[in-house]
Amino acid sequence: MRLVIAVVQDKDSGRLAAELVKRGYRATKLASTGGFLKAGNTTFLIGVENDQVDNVVDCIRHSCRAREQVVTPFAPVGNVEAVMPAPIAVQVGGATVFVLDVEHFEHF
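Encoded structure:
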């Protein structure tokens, strides 16, 4: 058995949840926050048999899209004469996926 952990942008979480249900996979959703942009994410925990991992990863790949977003970086707090930097385009979205071996599993 494997545990697939997928961290996805909130904008993609509804689409991914619907696709997992459509394909018959159960998942636990956790609210999480990204470190760089401090944006909302959703972390999915999906327990599957070894032979189902590729199908679940494919589901994630097709449900979560990377996109560009324009952000304004934060100015230094202690510098009153700091000029706000110009907005920059960064890539957001997509998914970060971890696949872990599960030594023991019980469902009650």
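Just so it is clear: in the sequence shown, position 82 is 1009 by the working numbering, and no numbers are missing. Beta carbons are placed, not taken as given, at the ideal position from N, Cα and C, and that holds for glycine. Bear in mind that the values here come from a model prediction, so they are computed numbers and not experimental data.
Simplified DSSP state of residue i, which is helix, strand or coil
i    : result
V888 : In the structure as shown, the chain begins at 928 and stops at 1035. Residue 888 is therefore absent and cannot be evaluated.
A958 : strand
Status (buried if at least 16 other CB within 10 Å, exposed otherwise) for residue i
i    : result
F971 : buried
V997 : exposed
V975 : buried
Straight-line Cα distance separating residue j from residue i
i    : j     : result
I932 : P1014 : 32 angstroms
L930 : G1021 : 19 angstroms
V980 : T960  : 25 angstroms
Which residues DSSP lists as bridging residue i, in chain order
i     : result
F1035 : Its beta-bridge partners do not exist; DSSP assigns none.
L972  : I932 and T955
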